[in-house]
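Working notes for the structure below.
Numbering (full-length UniProt numbering), first residue to last: 1 to 194.
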């Protein structure tokens, strides 16, 4: 039996770990792996080990940075939402006019045509992320998402909803919304990078 086949059969569990195929996808790493199989020596095994350690360290750093970015974006969204709730513009607050002691509100000083009756449907229609995107690659990547993915991204980034609020709105679990969000972001990232 061929050495490569024998090795693969003996170590099938290890080779099925997700990181191993990722490691072997890189041509250089695959060649080092084959060299270590065909010509087993301490030197070849050390080279393979060193390359895998570098690869694994790089993957861990990328995963760590991704989680930092994700946490930072969630914290930033919470901060902005909290600020909006704390510092609200109150247009109907009373204003006392100095000379005549008349009481008016800020709304009285806004010209009529600017005061539009905007329904929720109008707001929903204008909160499509694709309307705000200037980058063509990102626009096409967004267009490739499903309606549900777009809806969830709109709720998160246009309306500032939390995962739980979206889950309640759509009748889904928070975990499902989070998974759809992660997959959407991953799909966008892959389409933009490629």
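Where is the CB? At the ideal position from N, CA and C, for every residue including glycine. Since we're looking at a predicted model, the values are computed, not measured.
- Taking a contact to require three or more Cβ pairs closer than 8 Å, the segment 39-46 and the segment 10-27 do not qualify as touching.
- Take the alpha-carbon of residue 164 and the one of residue 50: they are about 44 Å apart.
- Taking every protein chain shown into account, the CB of residue 155 has 16 or more other CB atoms within 10 angstroms, so this residue is buried.
- Between the beta-carbon of residue 130 and that of residue 192 there is about 14 Å, and that puts the pair past the 8 Å contact cut.
- Taking all protein chains shown into account, residue 80 has fewer than 16 neighbouring C-beta atoms within 10 Å of its C-beta and is therefore exposed.
- If you draw a 10 Å sphere on the C-beta of residue 33, you find 16 or more other C-beta atoms in it, and that means buried.
- Here DSSP, grouped into helix, strand and coil, assigns residue 7 to helix.
- At a Cβ-Cβ threshold of 8 Å, residue 180 and residue 150 do not count as neighbours.
- Between the alpha carbons of residue 167 and residue 159 lies a distance of about 14 Å.
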